[in-house]
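Asks: There's a structure below that I have some questions on.
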Amino acid sequence: MRLKLKAVLILGLAALSTLHAGNSAVAQDGAQPLVVGWTEMAPFFESGDDGDVDGFSAEVIERVAEIADIEILFQQFSNLSEMRAAQAEGATDILAGVAPSPMLAPGSLYSERVAVTNVRLFMRTEEADISQDDFTGMRLGVVPPAAGSNPSPLLDRNTAVRMPNTATLLMRLLDGDIDGALVTEVSFFRQAHAAQLDHRISAVGPPVGAFDRVVVLRREHADLLGTINEAVAVMEDNGDLEALRQKWGVVLPPPAPEVLVVGVTDFPPLQVVTEDGEFTGYAVEAVRELARRAGQPLKFIEISPEEWAAGPRPGAYDMLPQSPVTDARRERMDFSLPIEIFTTSIFMPANNSDGIASLADLREAGLRVAVSSNSASRGFVESEAGLSVDLVPNSRAALDAVLSGDADAMVAASSATHRMIEERGAVGKIVEVLPPVYVAPRAPALRPGLGTVREQFNSLTPGFLASEQHRFLVTRWYGEPIFWTQERVRLAVGGILAVVVGAIVAFLMWRQRVRQRHFAEIQAANAQLERQNARLDELNAELLRSNGELDNFAYVASHDLKEPLRGVTINANFLLREDLGERARDRVERMTELCQRMERLISDLLFFSRLSQKDTQPEAVDVTSVVGEIRRSLAETISEKNGVLEIDGDLPKVLAQPTRIATVFQNLIVNALKYNDSGAPAVEVGFTGEVTIGGVPKRNMFFVRDNGIGIEEKFHDEVFRIFRRLNSDKVYGYGTGAGLSFVKRIIEDYGGEVTFVSTPGQGTTFYFSLPLADEEATVSGVTAMAS
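Structure, rendered in structure tokens:
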């Protein structure tokens, strides 16, 4: 079991030094814990959901401390430099999973290595079929001062292109602005995987460099070094270290094998293991068919519920036929497109279900709830504070507990539980409480490193879900839909009673002809309204289905459109390596440029088509932090232009999705810097409670103001048109002309508005509104007047 250790935030090195002075005097006597420095540095250190320190290095040092019987205490620092400085000055005792450095050497000792970080050459997958020796005379991206930016033969024979961070490096590589990236495999692969772009990059050849990661120990505790090394050796021998490396992705995951191993646990009707050892079930057959269409061989093996909960990983198995797509499971595995919607409900005896509609109702009634210890339902059931929960081995045991009276209710997957109720002959005795307590998609789950397989499945899933074969699977494993459900019976009885009562009233009042006509008109209007409501429900369902199909079609279409362009680009790049005449070389370079431009246009068009989709619930977004992060990412560009980006005070928080808000400010700020001839671009981001634009008063408006070239009045109506560019590429650089269209689409989706005032040669100010997290938020006493 992992140690539960509290992370303490450092308030200052002076206070830390005082604390450590006391620790050093008594730690050797075992009275005080050794201080372990850490900072946010995924995947090595990060804050866990429960407030504990998490990550590869955290788990390593906790396990080492447990084996070596050493008590430790975590201390947090704001950045890596501060953490190293504290260790060098003796303010901390231990650092875990870091590289040796000259700063640490005088006062510290190093353990045996716990991991190796490799530096690799990455290229776009479609161009990665060359050797490192052939990578010559090309543009090679690096991120100074990180590993990979140091002098090397690969850098000597290519042109180094400096990037501010790995995210920019990845985007520039995929956009074709550089030919390769020389970077640590851990950070680069994690960045690509998080963006679902890992299938687009491939490592070329063996590592071009490497450095060890070790446990760093202050020399005052030299007597503990042998014990720590013994603990590291134990973890290496029993496989714990390798398991942690794979879990946290500190090594590059192995590529896709020729035959994928699929883990199956018995969970009807999704996964079924027969007495003969055969594997079937809805999800198993769906994945088998997708793999057949993709030409991907599969091997099915039986796994335990615990192995299913742990998820696919290298050395165990490669994929699951299905898994609920939750945030917690996304951190440990990859998912293709969903194949069904997973519904979880409360099930309980029919005679005891009145007044129950949620977990809160169960808690208030003091009822006991049974839930499988390995199910995806366990987490949110246990999160209901005060609810009495009984953990059982599986969903069958939960149903048995309800039938026997040992539990008052159960929470489980709806489809599988209905099947079990039918098998037990308990139809009508045990009922489902509506609405469901949890709804999430289910999708095939893959281990990291299988991005190509994921994309193959993604391209085939929409067609499979629309096929007759899929409808056959649904009917086979879930049965034909039952029309006369208990709810419909109740509605029918209620309808019959209503008709009877209406007939009695009509009979008693038959002489009052005026009122009879009035009653008939009301009935006719109600019937018409019901028909319209039913039609509206049908249209809404059709719209949801159509939108889903359009989204999938847009993705597949964009993928298929890009493939020929990439093929042309690859062949053009090979032609450029040949001995061509000057005119032929110019034509090939122009062809490459046009292909890259077309690919960006397709990507922007796909992004624009998806802007109205709201994949996550809005949250309170700290706009000041968002703009600050953009300023950090653009620091190099701002410096090169001798510019400045000012944030006018604290900006109010907004209710939105963080990535969309970042897109709005990023596009406006980049344009303000890009279209600027002043020699010293000045960009100001702020918020005003009141502003008058064109004689119309506006309230609560954000603004981005610059001293750039401005916009001529004749172009004001064309600014927000997608792909409309108002300036020359040769003067201001290439772009697709989609940025301001993205801005307008996002703002209007949130019910806001965007406008601008501009004076050619003096600058432009864009004003826009967004839903504030605090509707009372304003800038008091500030009124801007703009003509």
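Counting from 59, one number per residue, gives the positions in the sequence shown under the working numbering. Positions of the beta carbon are idealized from the N, C-alpha and C atoms, including for glycine. These numbers come from a predicted model, not from an experiment.
1. In the structure shown, what three-state DSSP assignment does Pro-363 receive?
2. Would you kindly work out how many angstroms separate the C-alpha atoms of Arg-641 and Thr-750, rounded to a whole number?
3. What are the start and end residues of the beta strand (DSSP E) that includes Phe-325?
4. Could you spell out where the beta strand (DSSP E) holding Lys-756 opens and where it closes?
5. So, under 8 Å CB-CB, Arg-318 and Asp-376 are touching, yes? Tell me the CB distance rounded to an integer number of Å.
6. Does the separation of the CB atoms of Ala-154 and Ala-289 fall below 8 Å?
7. Residues in its own chain within less than 7 Å of Gly-339 by CB, not counting five upstream and five downstream?
8. Shortest alpha-carbon distance to Asp-412 belongs to which of Trp-306, Ile-259, Ile-188, Val-489?
9. Once the 5 residues before and after Gly-165 are set aside, which same chain residues still bring their CB inside 7 Å of it?
10. Should Arg-215 and Thr-194 be called a contact, given that it needs their Cβ atoms to be closer than 8 Å?
11. Sorted by chain position, which residues of the same chain lie with C-beta nearer than 8 Å to Pro-315's C-beta, five sequence neighbours on each side aside?
12. Given a threshold of 16 other Cβ atoms within 10 Å of its Cβ, counted over all protein chains shown, does Gly-80 qualify as buried or as exposed?
13. Looking at C-alpha atoms only, which residue of Ala-423, Lys-756, Leu-232 is the closest neighbour of Glu-185?
14. If contact is defined by three or more beta carbon pairs under 8 Å, each pair taking one atom from either stretch, is the region 455–464 in contact with the region 513–527?
15. Label Thr-533 either buried or exposed according to how many other C-beta atoms from any shown protein chain fall within 10 Å of its C-beta, with 16 as the threshold for buried.
16. Within the continuous alpha helix (DSSP H) that includes Pro-493, where are the two ends?
17. Within the same chain, show all residues whose beta-carbon is closer than 7 Å to that of Ser-189, passing over the 5 residues directly before and after it, in chain order.
18. DSSP puts Gly-821 in a beta bridge; with which residues?
19. Which residue wins for smallest C-alpha separation from Val-712, given the options Glu-694, Asp-832, Gly-307?
20. If you drop the 5 nearest sequence neighbours on each side, which residues of the same chain put their C-beta closer than 8 Å to that of Arg-197?
21. Quick one: using the 10 Å Cβ neighbour count with 16 as the cut-off for buried, is Asp-112 buried or exposed?
22. Does the Cβ-Cβ distance between Tyr-825 and Thr-813 come in under 8 Å?
23. Give a yes or no on whether the C-beta atoms belonging to Gln-380 and Ala-341 are separated by under 8 Å.
24. Does the beta-carbon of Glu-120 have 16 or more other beta-carbons within 10 angstroms, so that it is buried, or is it exposed?
25. Residues in the same chain with beta-carbon distance under 6 Å from Val-722, minus the five sequence neighbours each way, listed in chain order, please.
26. Once the 5 residues before and after Arg-142 are set aside, which same chain residues still bring their CB inside 6 Å of it?
27. Considering only their Cβ atoms, is the gap separating Leu-709 from Thr-682 smaller than 8 Å?
28. Mind checking who Pro-407 pairs with in its DSSP beta bridge?
29. Rounded C-beta distance between Val-266 and Leu-212? I'm assuming under 8 Å.
30. Within its chain, find whatever has a CB closer than 7 Å to the CB of Glu-742; leave out the 5 residues flanking it on each side and keep chain order.
31. My understanding is that Thr-97 touches Leu-138, with C-beta atoms under 8 Å, so please give their C-beta distance in whole angstroms.
32. For Ser-691, I'd like the list of residues in its chain whose CB is within less than 8 Å of its CB, leaving aside the five on either flank, ordered along the chain.
33. From what residue to what residue does the beta strand (DSSP E) around Val-219 run?
34. Could you check which residue in Pro-372, Ala-386, Val-320 has the C-alpha nearest to that of Ser-354?
35. Got a sec, what are the start and stop residues for the beta strand (DSSP E) Gly-263 sits in?
36. Three-state secondary structure (DSSP) at Glu-300?
Replies: From the atom records:
1. Looking up residue 363 in the sequence shown gives position 305. Correct three-state label for Pro-363: helix.
2. Residue numbering aside, residue 641 sits at position 583 when the sequence shown is read from its first letter. Residue numbering aside, residue 750 sits at position 692 when the sequence shown is read from its first letter. Straight-line Cα distance between these residues: approximately 56 Å.
3. Stepping through the sequence shown from its first residue, residue 325 is reached at position 267. Neither: Phe-325 is in no beta strand (DSSP E) and is coded neither H nor E.
4. Here residue 756 refers to the residue found at position 698 of the sequence shown. Looking at the DSSP string, the run of the beta strand (DSSP E) that includes Lys-756 is 754–764.
5. Counting from 1 along the sequence shown, the entry for residue 318 is found at position 260. Counting from 1 along the sequence shown, the entry for residue 376 is found at position 318. For the record, residue 318 in the displayed sequence is Leu; it is not Arg. Confirmed, about 4 Å.
6. As a working note, residue 154 is residue 96 in the sequence shown. As a working note, residue 289 is residue 231 in the sequence shown. Not a contact, by the Cβ cut-off of 8 Å.
7. Locating residue 339 in the sequence shown gives position 281, where the first residue counts as 1. The answer, listed in chain order, is Pro-326, Pro-327, Leu-328, Gln-329, Val-330, Trp-535.
8. Within the sequence shown, residue 412 is the residue found at index 354, counting from 1. Measuring from the Cα of Asp-412, the nearest candidate turns out to be Val-489.
9. Position 107 of the sequence shown, counted from the start, is the residue given in the question as residue 165. Around Gly-165: Ala-146, Gly-148, Arg-276, Arg-277.
10. Sequence index remark: in the sequence shown, residue 215 carries index 157 (1-based). Sequence index remark: in the sequence shown, residue 194 carries index 136 (1-based). Yes; because the gap between Cβ atoms is below 8 Å, this pair is in contact.
11. Looking up residue 315 in the sequence shown gives position 257. These residues qualify, in order along the chain: Asp-376.
12. Here the question's residue 80 lines up with position 22 in the sequence shown. With a pLDDT of 37 at Gly-80, under the threshold of 50, the modelled position of that residue is not reliable, and the figure given next carries that caveat. Flag for Gly-80 reads exposed.
13. Along the sequence shown, read from residue 1 onward, the residue named residue 185 stands at position 127. Here the closest residue by C-alpha is Leu-232.
14. no
15. For this step, residue 533 is matched to residue 475 along the sequence shown. Result: exposed.
16. Taking the first residue of the sequence shown as position 1, residue 493 is located at position 435. Segment 488–504 is the beta strand (DSSP E) holding Pro-493; no alpha helix (DSSP H) there.
17. Start at 1 with the first residue of the sequence shown, and residue 189 comes out as number 131. Here the set comprises Gly-263.
18. As a position in the sequence shown, residue 821 is number 763, starting the count at 1. In DSSP, Gly-821 forms a bridge with Thr-817.
19. Numbered from 1 along the sequence shown, position 654 holds the residue referred to as residue 712. Nearest option by C-alpha distance: Asp-832.
20. Working through the sequence shown from its first residue, we reach residue 197 at position 139. Within the same chain, Arg-197 has close Cβ partners Asn-216, Thr-217, Val-219, Asp-235, Ile-236, Asp-237, Gly-238.
21. Along the sequence shown, read from residue 1 onward, the residue named residue 112 stands at position 54. Buried, because 16 or more other Cβ atoms sit within 10 Å of the Cβ of Asp-112.
22. One-based indexing of the sequence shown puts residue 825 at position 767. One-based indexing of the sequence shown puts residue 813 at position 755. Contact flag set, yes.
23. Within the sequence shown, numbered from 1, the residue matching residue 380 stands at position 322. Within the sequence shown, numbered from 1, the residue matching residue 341 stands at position 283. In this structure, Ala-341 lies closer than 8 Å to Gln-380 by Cβ.
24. Mapped onto the sequence shown, residue 120 falls at position 62. Per the 10 Å Cβ criterion, buried.
25. Along the sequence shown, read from residue 1 onward, the residue named residue 722 stands at position 664. So the qualifying residues of the chain are Val-801, Ile-804.
26. Residue numbering aside, residue 142 sits at position 84 when the sequence shown is read from its first letter. Met-161.
27. For this step, residue 682 is matched to residue 624 along the sequence shown. For this step, residue 709 is matched to residue 651 along the sequence shown. Yes, they are a contact pair.
28. If you number the sequence shown from 1, residue 407 lands on position 349. In the DSSP output, where bridge partners are listed per residue, Pro-407 has Ile-488.
29. Numbered from 1 along the sequence shown, position 208 holds the residue referred to as residue 266. Numbered from 1 along the sequence shown, position 154 holds the residue referred to as residue 212. The pair is a contact, with the Cβ atoms about 6 Å apart (cut-off 8 Å).
30. For this step, residue 742 is matched to residue 684 along the sequence shown. So the list reads Glu-704, Asp-706, Arg-763, once near-sequence residues are dropped.
31. Here residue 97 is taken as the residue at index 39 of the sequence shown, counted from 1. Here residue 138 is taken as the residue at index 80 of the sequence shown, counted from 1. Indeed they touch by this definition, with Cβ atoms about 6 Å apart.
32. The residue given as residue 691 occupies position 633 in the sequence shown. Correct list, in chain order: Pro-222, Asn-223, Ala-225, Thr-226.
33. Counting from one through the sequence shown, the residue named residue 219 turns up at place 161. Looking at the DSSP string, the run of the beta strand (DSSP E) that includes Val-219 is 217–220.
34. Sequence index remark: in the sequence shown, residue 354 carries index 296 (1-based). A quick correction: the sequence has Gln, not Ser, at residue 354. For the residues Pro-372, Ala-386, Val-320, the minimum Cα distance to Gln-354 belongs to Val-320.
35. Locating residue 263 in the sequence shown gives position 205, where the first residue counts as 1. Taken as a continuous stretch (DSSP letters only), the beta strand (DSSP E) holding Gly-263 covers 259–276.
36. One-based indexing of the sequence shown puts residue 300 at position 242. In this structure, Glu-300 counts as helix in the three-state DSSP scheme.
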